[in-house]
Amino acid sequence: MNLKSERRGIHVDQSELLCKKGCGYYGNPAWQGFCSKCWREEYHKARQKQIQEDWELAERLQREEEEAYASSQSTQGAQSLTFSKFEEKKTNEKTRKVTTVKKFFTASSRAGAKKAAQEKTPKQGQPGRERNADNILRDLKEIFTPSWELASPSEEIQEAKAPSPSIHRQASIETDRVSKEFIEFIRTYQKPGQDIYKQCKLFLDTVSHKRDLSIEEQSECAQDFYQNVADRLQTRWKVPPEKVEKAMDEVEKYIMTRQYKYVFCPETTDDEKKDLAVQKRIRALHWVTPQMLCVPVSEEIPEVSDMVVKAITDIIEMDSKRVPRDKLACITKCSKHIFNAIKITKNEPASADDFLPTLIYIVLKGNPPRLQSNIQYITRFCNPSRLMTGEDGYYFTNLCCAVAFIEKLDAQSLNLSQEDFDRFMTGQTSPKKQESDSFSPDVCLGVKQMCKSLDLLSQLNERQERIVSEAKKLEKDLIDWTDGITKEVEDIVEKYPLEIKPKSQALAAIDSENVENDKLPPPLQPQVYAG
Ligand SMILES: [Zn+2]
Numbered sequence: 001m002n003l004k005s006e007r008r009g010i011h012v013d014q015s016e017l018l019c020k021k022g023c024g025y026y027g028n029p030a031w032q033g034f035c036s037k038c039w040r041e042e043y044h045k046a047r048q049k050q051i052q053e054d055w056e057l058a059e060r061l062q063r064e065e066e067e068a069y070a071s072s073q074s075t076q077g078a079q080s081l082t083f084s085k086f087e088e089k090k091t092n093e094k095t096r097k098v099t100t101v102k103k104f105f106t107a108s109s110r111a112g113a114k115k116a117a118q119e120k121t122p123k124q125g126q127p128g129r130e131r132n133a134d135n136i137l138r139d140l141k142e143i144f145t146p147s148w149e150l151a152s153p154s155e156e157i158q159e160a161k162a163p164s165p166s167i168h169r170q171a172s173i174e175t176d177r178v179s180k181e182f183i184e185f186i187r188t189y190q191k192p193g194q195d196i197y198k199q200c201k202l203f204l205d206t207v208s209h210k211r212d213l214s215i216e217e218q219s220e221c222a223q224d225f226y227q228n229v230a231d232r233l234q235t236r237w238k239v240p241p242e243k244v245e246k247a248m249d250e251v252e253k254y255i256m257t258r259q260y261k262y263v264f265c266p267e268t269t270d271d272e273k274k275d276l277a278v279q280k281r282i283r284a285l286h287w288v289t290p291q292m293l294c295v296p297v298s299e300e301i302p303e304v305s306d307m308v309v310k311a312i313t314d315i316i317e318m319d320s321k322r323v324p325r326d327k328l329a330c331i332t333k334c335s336k337h338i339f340n341a342i343k344i345t346k347n348e349p350a351s352a353d354d355f356l357p358t359l360i361y362i363v364l365k366g367n368p369p370r371l372q373s374n375i376q377y378i379t380r381f382c383n384p385s386r387l388m389t390g391e392d393g394y395y396f397t398n399l400c401c402a403v404a405f406i407e408k409l410d411a412q413s414l415n416l417s418q419e420d421f422d423r424f425m426t427g428q429t430s431p432k433k434q435e436s437d438s439f440s441p442d443v444c445l446g447v448k449q450m451c452k453s454l455d456l457l458s459q460l461n462e463r464q465e466r467i468v469s470e471a472k473k474l475e476k477d478l479i480d481w482t483d484g485i486t487k488e489v490e491d492i493v494e495k496y497p498l499e500i501k502p503k504s505q506a507l508a509a510i511d512s513e514n515v516e517n518d519k520l521p522p523p524l525q526p527q528v529y530a531g
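Each residue of the sequence shown is one higher than the one before, counting from 1 in the UniProt record's numbering.
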């Protein structure tokens with residue numbers, strides 16, 4: 001009972017992790033608590049509504065304009081005002097939906113943010129046209145060449161050109177490797193494999209012309225693509241489900257390795273701003289201790305501290321992966337280390353209630369780079385079936401929850417008074433300082449451990465000395481006691497000396513010869529009676 005109320009700040013009911021539509025899949029804060037499937041339905045609905053509303057607005061404004069025009073010439077000003085309003089509304093819509101064809105042939109049709117970025121790096125000003133020309137050429141080539149012949153390594157490298165040469169060289173080597181692996185893999189699927197490959201190429205080409213779309217729309221393209229390929233494999237090629245899943249993993253790896261640089265933390269979103277905000281927030285919370293979060297992990301146990309370090313490494317490593325599923329795997333690995341750390345500390349399997357606070361603690365301790373960007377990227381571009389079910393989905397949902405908690409962590413959820421919380425947040429004082437002055441928070445664990453051991457030893461020494469002195473005292477007490485008793489006995493003996501009385505007569509006479517002295521009647525004399 002007490003434990004429950006103590007944890008009121010962190011505790012999350014497991015049902016809260018599920019989609020709020022009640023479909024049974026895992027939900028996610030990024031999808032407003034829906035699962036991927038329900039979220040897409042909601043998103044579609046909202047978009048349909050938006051289009052409908054825009055249409056109605058357009059019609060209404062047109063009507064108004066016509067009426068205004070018909071009724072009077074003097075309302076010129078008002079008319080242009082309404083028209084400009086309509087234009088403003090429409091431009092939003094337009095920038096999102098520039099047609100692919102148009103972009104195909106214009107040199108620089110990138111959205112505002114991208115343009116600004118290009119202006120910052122003047123040497124990159126023109127390649128837009130060349131790139132598009134390249135794309136067109138390649139598209140044409142692709143139409144006339146069988147898909148297998150297209151994937152020469154040099155071309156893969158060329159396709160992945162980017163600003164920083166050194167980073168880029170590495171990236172293109174990876175792209176190249178992944179492409180080769182994908183082709184190898186897909187060959188084992190024979191005809192369906194050829195089909196998948198063609199679909200992937202088509203998809204990559206399509207999206208390369210759709211970079212101006214909002215990230216949500218690009219995400220939707222990817223999700224649709226996953227769905228279509230999986231459906232095709234299942235219904236058209238009758239591939240068994242487990243093989244479909246395997247193929248889909250490879251498809252995701254292939255297309256996302258190539259798309260990564262365009263869709264991870266894109267300039268058109270506020271992902272980077274959110275990353276910085278989370279990072280700042282975590283830094284401000286550096287003073288939070290495991291005790292405050294009720295984390296059942298004791299880092300004094302070397303094995304546990306090992307697990308904690310591994311968990312932190314895993315979650316930090318997530319940022320270095322390019323494929324959403326690889327990022328997910330880092331989260332899962334981290335979570336398993338957390339479960340182990342709890343299990344060793346508690347000597348019993350960890351419960352879900354223990355897990356979330358510990359994950360929060362690990363995230364606070366690790367401050368993983370670009371946390372929001374990574375979560376967003378996974379949410380947008382991972383194959384949704386991975387996120388909606390299974391352990392990957394479960395751990396991912398928990399991580400999203402942990403980040404949401406960190407964003408709104410307050411005095412109550414840490415079992416602190418508001419004053420203490422404020423003082424810690426402003427850096428006036430630190431709870432660690434209050435607890436022990438001797439350690440600064442960044443002293444390494446081994447030194448801490450050693451100091452603690454020394455402390456224990458000196459305590460032990462003290463106790464030993466106390467025992468020895470007590471023993472000596474006891475010995476002395478025993479001697480004193482013996483002496484005391486001896487003295488007492490002697491005193492009594494002195495007080496009541498042993499008197500040896502002379503032999504009592506009566507006792508002595510029993511078998512003595514001295515009969516006369518006995519005052520007994522003389523013994524009877526034998527008499528002879530005549531008779
Ligand atoms: Zn759902």
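Note that CB positions come from ideal geometry on N, CA and C, so glycine has one too.
As the structure is a computational prediction, the values presented were derived from the model and not from experiment.
Can you list, in chain order, the residues of its chain with a C-beta nearer than 7 Å to that of L204? Leave out the 5 residues immediately preceding and following it.
I255, R258
Per-residue DSSP class, three states only, for Y226:
helix
I'd like the list of long-range same chain contacts for T389, defined as Cβ closer than 8 Å, with 5 residues on each side in sequence excluded.
Excluding positions up to five away in sequence, the list reads Y25, Y26.
So the candidates are E59, N347, R281; which of them puts its Cα closest to the Cα of I360?
Of the candidates E59, N347, R281, the one whose C-alpha sits nearest the C-alpha of I360 is R281.
What are the partner residues of L18, as DSSP defines its beta bridges?
Y26
Alpha helix (DSSP H) segment containing K191, residue limits
190–208
Say the cut is 7 Å; is the CB of Y43 nearer than that to a heavy atom of ligand 1?
No - ligand 1 has no heavy atom lying nearer than 7 Å to the Cβ of Y43.
Which same chain residues, not among the five before or five after R370, have their C-beta less than 6 Å away from its C-beta?
The residues D275, D319, in chain order, have a CB closer than 6 Å to that of R370 in the same chain once the five nearest residues on each side in sequence are set aside.
Closer than 7 Å to a non-hydrogen atom of ligand 1 - does that hold for the CB of residue 556?
Because the chain here runs from 1 to 531, residue 556 falls outside it and cannot be looked at.
Can you find the residues in the same chain that come closer than 7 Å, C-beta to C-beta, to residue 533, ignoring five residues on each side of it along the sequence?
Residue numbering for the chain in the displayed model covers 1 to 531; residue 533 lies beyond these limits and cannot be assessed.
Taking the alpha helix (DSSP H) that R380 belongs to, which residues open and close that run?
R380 -> alpha helix (DSSP H) spans 371–381.
Return helix, strand or coil for K45, following the three-state DSSP convention.
K45 carries a helical assignment under DSSP once its states are collapsed to helix, strand and coil.
In the DSSP assignment, find the alpha helix (DSSP H) that holds H337 and state where it starts and stops.
Run containing H337: 324–346, per the alpha helix (DSSP H) assignment.
Taking the alpha-carbon positions, what's the N367 to Y43 distance?
Each residue's alpha carbon lies about 32 Å from the other.
Cβ shell of F34 (< 7 Å), same chain only, five flanking positions each side left out
C19, K20, K21, G27, E42
If you follow the alpha helix (DSSP H) that C444 is in, where does it begin and where does it stop?
Following the DSSP letters along the chain, one finds C444 in no alpha helix (DSSP H), marked with neither H nor E.
Taking only three categories from DSSP, how would you classify residue 534?
The shown model of the chain, from 1 to 531, leaves out residue 534, and the question about it has no answer.
Would the C-beta of C38 count as close to ligand 1, meaning under 7 Å from any of its heavy atoms?
yes
Judging by CA-CA distance, which residue of P290, W237, V308, D271 is the nearest neighbour of D195?
Taking only the C-alpha atoms, the option nearest D195 is W237.
Between C19 and ligand 1, is the CB less than 7 Å from at least one heavy atom?
yes
Kindly list the residues whose CB is nearer than 6 Å to the CB of K501, restricted to its own chain and excluding five residues on each side of it in sequence; keep chain order.
Counting only Cβ-Cβ distances below 6 Å, and skipping sequence neighbours, we find nothing.
Pick from N340, C294, P324, N398: whose alpha carbon is nearest that of E303?
N340
Quick one: what's got a C-beta closer than 6 Å to M287's C-beta in the same chain, skipping five residues either side?
Sequence check: residue 287 is Trp here, not Met. Around W287: F424, S430, P431.
Is there at least one non-hydrogen atom of ligand 1 closer than 7 Å to the beta-carbon of C382?
no
Here's the rule I'm using: 16 or more other beta-carbon atoms within 10 Å means buried, otherwise exposed. How should R380 be labelled?
buried
Looking at F396 and ligand 1, is the gap between the Cβ and the nearest heavy atom below 7 Å?
no
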